[in-house]
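**Q**
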Amino acid sequence: MPEADKKPKINPSLQKKTAARMAAVQCLYTLAMSGEAFTPAQQVIFLKKQLGNNRDEQKLQVGAPIEPNYKLMENLLAGIEQWSGVIDSRIQEIVNEKWKTERMSPLLIAILQCAVFEMFFDKDISAKIVIDEYTRLTRSFFADAEVDFVHGALSKLARTHGAKIAAKATPPGESEA
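Under the working numbering, the first residue of the sequence shown carries the number -14, and numbering increases by one thereafter.
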């Protein structure tokens, strides 16, 4: 078979991570819209029940006929909950007259929250991958203006703060040991 006809191999582990990011963003959006308060563990349990082995529902909810990496999803949601003050202050650094959080879609804010958490508090992922993943995820929901904003904002944060600086920080309410 010629090189041009070969399909790229799809890595199921990477697909599950991408699906987990999509699921976390959608959970944050749902919470913002409903005003309800569910723990990250409750959200995972609910999503597991909803997705089950239903490929159609999986594709609808997480963008691919695959179950998300639930551990990553829960870690994202728990981390965002734990570091919300720092994450929100980082997001405030990148807004301007055109992009005010009061006027942003709750979905766009959820994307930024997940990206900022992963960029600064997840030790296992590079800033470049975070920027690529969340730029691609933004494209699933928004037009070029929002995609460009997310890419530019995350790139600026990575340059300004140096990605992973906060990974060594102590969570609020805990003492350094």
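Positions of the beta carbon are idealized from the N, C-alpha and C atoms, including for glycine.
Quick one: what does DSSP say residue -1 is sitting in, helix, strand or coil?
**A** In this structure, residue -1 counts as helix in the three-state DSSP scheme.
**Q** Please report the distance separating the alpha-carbon of residue 141 from that of residue -1.
**A** The alpha-carbon atoms of residue 141 and residue -1 are separated by roughly 25 Å.
**Q** Is the beta carbon of residue 31 closer than 8 Å to that of residue 64?
**A** Not in contact: residue 64 and residue 31 (Cβ atoms no closer than 8 Å).
**Q** Between residue 9 and residue 62, which are expected to be in contact by the criterion C-beta below 8 Å, what is the C-beta distance as a whole number of angstroms?
**A** With 8 Å as the limit, residue 9 and residue 62 qualify as a contact, their Cβ atoms being about 6 Å apart.
**Q** Output the distance between the C-alpha atoms of residue 33 and residue 11, rounded to the nearest integer angstrom.
**A** Cα to Cα, residue 33 sits roughly 14 Å from residue 11.
**Q** According to DSSP, simplified to helix, strand and coil, what is residue 60?
**A** Note: residue 60 maps to helix in three-state DSSP.
**Q** For residue 57 and residue 2, I'd like the C-alpha separation in whole angstroms.
**A** Each residue's Cα considered, the two are about 7 Å apart.
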